[in-house]
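Asks: Numbering (the UniProt record's numbering), first residue to last: 1 to 132.
Cβ atoms here follow ideal geometry from the backbone N, Cα and C, with glycine treated the same way.
#1: Mind checking which residues open and close the alpha helix (DSSP H) that includes residue 15?
#2: Measuring only the C-alpha atoms, how far is residue 60 from residue 54?
#3: Helix, strand or coil for residue 120, going by three-state DSSP, please let me know.
#4: Helix, strand or coil, according to DSSP, for residue 135 in the structure here?
#5: In this structure, does DSSP put residue 37 in helix, strand or coil?
#6: If you follow the beta strand (DSSP E) that residue 3 is part of, which residue opens it and which one closes it?
#7: Between residue 6 and residue 65, how many whole angstroms is the CB-CB distance? I'm expecting something under 8 Å.
#8: Decide if residue 40 is buried, meaning its Cβ has at least 16 other Cβ atoms within 10 Å, or exposed.
#9: Check residue 47 in the structure and name its three-state DSSP category.
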């Protein structure tokens, strides 16, 4: 029986065998979409399709629409790892000058002695001004 399965905005035309069960149908959809059967939810009229449900009990008609939800697992995405565009440079591999430049060479700051935080922030702001 030719039916339509909607998945992520795409319409897939699939032939189902009424003698098969839900698990067989999920494996058929796995070959088309790459979504593993355990990650699939197939919505049919009346609820969700179970693995042990006979497809003949659904009363599917030609052209009937099923909705499939699910995404491929991240295992497949890991298979297509690519080299980084920029090779990372570690702090241990840098010279002292490069490390200071990477950290921004900001001063460590002033010690807060009681209630001097406003004074410290003012001094640090004035130090950053090239005119002074």
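Replies: Well, looking at it:
#1: Not the alpha helix (DSSP H): residue 15 falls in the beta strand (DSSP E), residues 10-15.
#2: For residue 60 and residue 54, the distance between alpha carbons rounds to 11 Å.
#3: In the structure shown, residue 120 sits in a helix (DSSP, three-state: H, G or I).
#4: No statement about residue 135 is possible, as the shown extent of the chain runs from 1 to 132 and does not include it.
#5: helix
#6: 2-7
#7: Rounded, the Cβ-Cβ distance is 6 Å, consistent with contact.
#8: buried
#9: strand
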